[in-house]
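Participant: Chains as they are written, first to last, in our numbering: chain A, 1 to 162; chain B, 1 to 265. Idealized CB from N, CA, C, for every residue including glycine.
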Amino acid sequence: MEFHPLPQPEEIVEREKEDAMGAYLMMFAAVAVGLPLPIINLIAAIVYYFVNRKKSRFIHFHCLQSLLSNIPTTVINWGLVIWGINIFFTDRELTDYFWAYAVFAGLCTLLYFVISIIAAFKARQGKMYYFLFFGKISYEVAFRVSEEDSLTNTDPINKPPF
Amino acid sequence: MNSSAFRDLLILVLIGAAILIGGYFIVKQIGKSDLDLSYQVSYEQEEKLGNLFKDIVWDQYPTVKDNTADSSLQKIKARLVNALDTSYYRYDFSIIKSSDINAFTIPGGNIFVFSELLKMAETPEEVAAVLAHEIGHAEKRHVVSKLIKELSATAILSVLSGGDPSVLAQILKSIVGSSFDRKQEEEADQFALALLEKANISPKNLAKFFQRLNEKNLDYDRNLEIIMSHPHNDKRIERARRYKTKNDFKALPFDIDWKKVQESL
């Protein structure tokens, strides 16, 4: 598998760095809105990804990493919301298991926030920052040389005059 | 996806599982702490506290001194206390004259029942059920652990060494005014059902009493249970009804003229 070379911080323009950083920071605003229904931040991440992914591979990587890492957090928080609603409407008890899951969801969200802030800082400096698992997947998707890239390389539309 | 990504995924799952298991133990630690907390106050200290509070309750509330009512209450108490295997407490039951339907326990096994509750109960067995529930709060040390949670053991024990007298009033307010949490209420219910069976009183009397409470609160919103500390009466009725007594269980009625007791209140 071939990969495009990684851009170095000095090669990345300021706008790219800001857009890459935005992928993580945008989540905080979305989380604030979506706290009761933690689907809002996932929708925001998806929208941000599709709007920005073609701008550059650096931005593509960070947007995808932000989006992918958001999925488990959203699923975990949704689990908590659904469980809570279920308890409320079916008159069940708040068991230790529920509270344990609430602690788990809270800690996962906190962990996600912390690594997102670190990633946002790194992105602003034009650096790569790889989350466990999601970093590798995002790198593979954003920087892998695809067949489309090969075709583009062999038959460029804009050619030099000589 | 290459093998290192799989390894990462495995690490993430393990971290998640560790957080989940850790969360469970944290919750268990917090949840099980009733008895652990209460050990900060010894039974001897609790008894002294109880004596202090008993005097204040007697000062603040009018009590029923009628012999008929009091001797009936003592008969109920004797049956229940004799059925306890072991107890650190010397139980003391008193009747408070009040139009509220209530009963409460203060430290040291001192239980107060309101006259209106006695009027509402149709049989002495129903009163025994309520008192068994209150004994459950005492035996499980819910009263002490609730106080420690709200005020700290240091503040509570300071009253024994002549500390701030305002703390005493605050503690009493906390005892009478606030309810136990849901888990504590359920524990007290379970304790009461077992105690009633041992005392040859049908545990169904707890259900009957809760049923009557329910009838008094017809507009009670059942969906609000989740935000209330007290389990809904329906659930408690159901649990008390479902309680299985031993095959050789035989209910022995009290030798009390209940109508006469009620008239005396």
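Output, in chain order, the set of chain B residues within a Cβ distance shorter than 7 angstroms of TRP83 of chain A.
Facilitator: Position 83 of the first sequence holds residue 83 of chain A. Those within 7 angstroms of TRP83 of chain A in chain B number zero; the least Cβ separation is about 12 angstroms.
Participant: Got a sec, what are the start and stop residues for the alpha helix (DSSP H) VAL113 of chain B sits in?
Facilitator: Walking along the second sequence from the start, residue 113 of chain B turns up at place 113. Where VAL113 of chain B is concerned, there is no enclosing alpha helix (DSSP H), although the beta strand (DSSP E) it sits in stretches over 110-114.
Participant: Count the CB pairs spanning the segment 130-140 of chain B and the segment 79-88 of chain B that are closer than 8 angstroms, and state whether there are at least three.
Facilitator: Yes, the segment 130-140 of chain B is in contact with the segment 79-88 of chain B.
Participant: Taking the C-alpha atoms as reference points, what is the distance between ARG144 of chain A and ARG182 of chain B?
Facilitator: What you label residue 144 of chain A is simply residue 144 of the first sequence in a count that begins at 1. What you label residue 182 of chain B is simply residue 182 of the second sequence in a count that begins at 1. Roughly 57 angstroms between the two C-alpha positions.
Participant: Smallest Cα separation from ASP66 of chain B: which of B:ARG7, B:VAL57, B:ASP100, B:ILE96?
Facilitator: Here the question's residue 66 of chain B lines up with position 66 in the second sequence. Nearest option by C-alpha distance: B:ILE96.
Participant: Compare the C-alpha of GLY48 of chain B against each of B:GLY162, B:LYS235, B:PHE249, B:VAL27 and name the closest.
Facilitator: As a first step, residue 48 of chain B must be located in the second sequence, where it is residue number 48. In the sequence as displayed, the identity of residue 48 of chain B is Lys instead of Gly. Checked all of B:GLY162, B:LYS235, B:PHE249, B:VAL27; the closest Cα to LYS48 of chain B is B:GLY162.
Participant: Quick one: what's got a C-beta closer than 7 angstroms to LEU160 of chain B's C-beta in the same chain, skipping five residues either side?
Facilitator: The residue given as residue 160 of chain B occupies position 160 in the second sequence. Excluding sequence neighbours, LEU160 of chain B sits near GLN45, LYS48, LEU49.
Participant: Does any residue of chain A bring its CB to less than 8 angstroms from the CB of TYR220 of chain B?
Facilitator: Working through the second sequence from its first residue, we reach residue 220 of chain B at position 220. For TYR220 of chain B, the predicted model reports a pLDDT of 37, less than 50, meaning its position is unreliable; a value from the coordinates is still stated below. No, TYR220 of chain B does not count as interfacial toward chain A.
Participant: According to DSSP, simplified to helix, strand and coil, what is ILE115 of chain A?
Facilitator: Reading the first sequence from its first residue, position 115 is the one you call residue 115 of chain A. Reduced to three states, the DSSP call for ILE115 of chain A is helix.
Participant: Answer yes or no: does any C-beta atom of chain A fall closer than 8 angstroms to that of SER42 of chain B?
Facilitator: By one-based count along the second sequence, residue 42 of chain B stands at place 42. No, its Cβ sits nowhere closer than 8 angstroms to a Cβ of chain A.
Participant: Does the segment 65-74 of chain A come close enough to the segment 94-114 of chain A that 3 or more CB-CB pairs lie under 8 angstroms?
Facilitator: In short, these stretches touch, since the Cβ pair count reaches three.
Participant: Over what stretch of residues does the alpha helix (DSSP H) that includes THR154 of chain B continue unbroken?
Facilitator: The residue you call residue 154 of chain B lines up with position 154 of the second sequence. Taken as a continuous stretch (DSSP letters only), the alpha helix (DSSP H) holding THR154 of chain B covers 153-158.
Participant: Using a Cβ-Cβ cutoff of less than 7 angstroms, which residues in the same chain neighbour VAL31 of chain A once the five nearest sequence positions on both sides are dropped?
Facilitator: Counting from one through the first sequence, the residue named residue 31 of chain A turns up at place 31. The answer, listed in chain order, is ASN41.
Participant: Please identify the residue among B:PRO253, B:ALA17, B:SER145 whose C-alpha is closest to the C-alpha of TYR101 of chain A.
Facilitator: Mapped onto the first sequence, residue 101 of chain A falls at position 101. Out of B:PRO253, B:ALA17, B:SER145, B:ALA17 has the C-alpha closest to the C-alpha of TYR101 of chain A.
Participant: Is it the case that the segment 199-214 of chain B contacts the segment 238-249 of chain B, given that we only count it when at least three CB pairs across the two stretches are under 8 angstroms?
Facilitator: Short answer: they touch.
Participant: Ignore the nearest five residues each way along the sequence and tell me which others in LYS122 of chain A's own chain have a CB closer than 6 angstroms to its CB.
Facilitator: Mapped onto the first sequence, residue 122 of chain A falls at position 122. Excluding sequence neighbours, LYS122 of chain A sits near TYR129.
Participant: Hey, which unbroken runs of the alpha helix (DSSP H) at 4 residues or more fall wholly within the segment 47-115 of chain A?
Facilitator: Entirely contained in the segment 47-115 of chain A, the alpha helix (DSSP H) runs reaching 4 residues are, in chain order, 57-90.
Participant: Leaving aside the five residues before and after LEU195 of chain B along the sequence, list all residues of the same chain whose C-beta is less than 8 angstroms from its C-beta, in chain order.
Facilitator: As a working note, residue 195 of chain B is residue 195 in the second sequence. These residues qualify, in order along the chain: LEU80, ALA83, LEU84, ALA132, ILE135, GLY136.
Participant: Please go through the same chain and pick out, in chain order, the residues whose beta-carbon is closer than 7 angstroms to the beta-carbon of ASP19 of chain A, but skip the five residues on each side of it.
Facilitator: Locating residue 19 of chain A in the first sequence gives position 19, where the first residue counts as 1. The answer, listed in chain order, is ASN52, LYS55, ILE59.
Participant: I need the DSSP call for ARG266 of chain B, collapsed to helix, strand or coil.
Facilitator: With chain B represented from 1 up to 265, any question about residue 266 of chain B goes unanswered, as that position is not in the structure.
Participant: Under 7 angstroms between beta-carbons, which chain A residues line up against ALA5 of chain B? List them in chain order, please.
Facilitator: In the second sequence, counting from the first residue as 1, residue 5 of chain B sits at position 5. Simply PHE133, LYS136, ILE137.
Participant: Rounded to whole angstroms, how far is the Cβ of LEU52 of chain B from the Cβ of LEU168 of chain B, which I believe are closer than 8 angstroms?
Facilitator: On the second sequence, position 52 is the one that residue 52 of chain B refers to. On the second sequence, position 168 is the one that residue 168 of chain B refers to. Going by Cβ atoms, the distance from LEU52 of chain B to LEU168 of chain B rounds to 7 angstroms, so yes, they are a contact pair.
Participant: Tell me the rounded alpha-carbon separation between LEU132 of chain A and ALA142 of chain A.
Facilitator: To locate residue 132 of chain A, count along the first sequence from 1; it is residue 132. To locate residue 142 of chain A, count along the first sequence from 1; it is residue 142. Their backbone Cα atoms lie some 16 angstroms apart in a straight line.
Participant: Helix, strand or coil, according to DSSP, for THR245 of chain B in the structure here?
Facilitator: By 1-based counting over the second sequence, the position of residue 245 of chain B is 245. In this structure, THR245 of chain B counts as coil in the three-state DSSP scheme.
Participant: Can you tell me whether THR90 of chain A is buried or exposed, with buried defined as 16 or more other CB within 10 angstroms of its CB?
Facilitator: What you label residue 90 of chain A is simply residue 90 of the first sequence in a count that begins at 1. So THR90 of chain A counts as exposed.
Participant: Using the three-state DSSP reduction, which class does ALA103 of chain B fall into: helix, strand or coil?
Facilitator: Taking the first residue of the second sequence as 1, we reach residue 103 of chain B at position 103. Correct three-state label for ALA103 of chain B: strand.
Participant: Across the segment 150-159 of chain B and the segment 110-122 of chain B, are there enough close Cβ pairs to call them in contact, namely three or more that are closer than 8 angstroms?
Facilitator: No: the two stretches stay apart, fewer than three of their Cβ pairs being nearer than 8 angstroms.
Participant: Starting from the Cα of GLY23 of chain B, find the closest Cα among A:VAL103, A:PRO161, A:GLU148 and give me that residue.
Facilitator: Against the second sequence, residue 23 of chain B aligns to sequence position 23. The shortest C-alpha separation from GLY23 of chain B is found at A:VAL103.
Participant: So, is the C-beta of TYR61 of chain B closer than 8 angstroms to a C-beta in chain A?
Facilitator: Numbered from its first residue, the second sequence carries residue 61 of chain B at position 61. With 8 angstroms as the cut-off, TYR61 of chain B does not count as an interface residue toward chain A.
Participant: Give the range of the alpha helix (DSSP H) segment to which ASP70 of chain B is assigned.
Facilitator: Residue 70 of chain B sits at position 70 when you count from the first residue of the second sequence. 67-83 is the span of the alpha helix (DSSP H), which, as asked, contains ASP70 of chain B.
Participant: Going straight from the alpha carbon of VAL130 of chain B to that of LYS244 of chain B, what length do you get?
Facilitator: Within the second sequence, residue 130 of chain B is the residue found at index 130, counting from 1. Within the second sequence, residue 244 of chain B is the residue found at index 244, counting from 1. Whole-angstrom Cα-Cα distance: 19 angstroms.
Participant: Looking at the secondary structure, which residues open and close the beta strand (DSSP E) in which PHE93 of chain B lies?
Facilitator: The sequence position of residue 93 of chain B within the second sequence is 93, counting from 1. Element bounds for PHE93 of chain B: 92-96.
Participant: Which residue's Cα is closest to the Cα of TYR48 of chain A: A:VAL13, A:SER138, A:TYR24, A:PHE134?
Facilitator: As a first step, residue 48 of chain A must be located in the first sequence, where it is residue number 48. Closest option to TYR48 of chain A, Cα to Cα, is A:TYR24.
Participant: What three-state label does DSSP hand ARG144 of chain A in the structure shown?
Facilitator: Position 144 of the first sequence holds residue 144 of chain A. Note: ARG144 of chain A maps to strand in three-state DSSP.
Participant: What does VAL27 of chain B touch in chain A if you count any residue whose Cβ is under 8 angstroms from its own?
Facilitator: Translated into the one-based positions of the second sequence, residue 27 of chain B becomes position 27. Within chain A, the residues near VAL27 of chain B are ASP96, TRP99, ALA100, VAL103.
Participant: Determine the extent of the alpha helix (DSSP H) in which PHE209 of chain B is found, giving its start and end residues.
Facilitator: As a first step, residue 209 of chain B is located in the second sequence; it is residue number 209 there, counting from the start. Here the alpha helix (DSSP H) through PHE209 of chain B covers 204-216.
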